[in-house]
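Novice: What follows is a single structure, and I will ask about it in a moment.
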Amino acid sequence: GGGRRSEEDMERIRELRAALGDAKRDVEKAERECRDMREFVDAVGEQAEAEEKVRRHLMEERDRERGEAEQMCRDLREYVRRRAPNVTEASLKQADLARLVAQAIVLGDADAAAAAEQGGGGDKDARSVGGRQSQLESLAARGFEERVDRARMHDLEEELKSVKAALSETRGELEAERERRER
1 GGGRRSEEDM
11 ERIRELRAAL
21 GDAKRDVEKA
31 ERECRDMREF
41 VDAVGEQAEA
51 EEKVRRHLME
61 ERDRERGEAE
71 QMCRDLREYV
81 RRRAPNVTEA
91 SLKQADLARL
101 VAQAIVLGDA
111 DAAAAAEQGG
121 GGDKDARSVG
131 GRQSQLESLA
141 ARGFEERVDR
151 ARMHDLEEEL
161 KSVKAALSET
171 RGELEAERER
181 RER
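Numbering (our numbering) for the sequence shown: 1 to 183.
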């Protein structure tokens, strides 16, 4: 009965071969899945890294922009503080007061002359002249202060306009830079 046995052996060998083929396919599938998983993990890692890099970059840019804005404010304050208005103000004030005093004296002298012509008491007239002069001075000083305030306001408005223009220009440059980077 050797023939029958070899028939069984052949059957067994076929089964084993089939099982081995299945096992090989399973191993290949597992290896493929493992490789895919590794690639996926790598990709996720790279993406996380890239996102972190972008986040860091954005934070740095925001800090830099904030720093630039603060510096601009500091520069502006310094510029306004250093500007000439106080110098021109002082010279304006001097010129104004000089003109004023001259006016008052002229008016005072005219009053005094008129009073003297009428032959009134000298003291009273001198007092009225002095009063007239100080009244004039205070009026002119008030008018001068108003003019200075208006001039200062105008200066500041002009200043603000130019700063706003510079700021929008800077913003435009930043936007352009950002767009250039994104492309």
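For every residue, glycine included, the Cβ atom is placed at its ideal position computed from N, Cα and C.
Can you tell me the Cα-Cα spacing of G206 and A30, whole angstroms?
Specialist: Here the chain has residues from 1 to 183 only, and residue 206 is not among them.
Novice: CB V163 to CB L76, shorter than 8 Å?
Specialist: yes
Novice: Can you check the region 19-90 for any beta strand (DSSP E) of at least 3 residues that lies completely inside it and give the ranges in chain order?
Specialist: none
Novice: So what's R152 in DSSP terms, helix, strand or just coil?
Specialist: helix
Novice: Return the CA-CA distance between G120 and R142, expressed in angstroms with no decimal places.
Specialist: Only weak support exists for where G120 lies, its pLDDT of 44 falling under 50; the coordinates are left without a value.
Novice: Please state whether DSSP places G172 in a helix, a strand or coil.
Specialist: helix
Novice: Return helix, strand or coil for Q12, following the three-state DSSP convention.
Specialist: Residue identity differs from the one stated: residue 12 is Arg in this sequence, not Gln. The answer is helix: DSSP assigns R12 an H, G or I state.
Novice: I need the straight-line Cα distance from R62 to Q47, nearest angstrom please.
Specialist: 22 Å
Novice: Just tell me which of Y79, E70, R171 has its CA closest to the CA of L156.
Specialist: Y79
Novice: DSSP three-state call for R183: helix, strand or coil?
Specialist: coil
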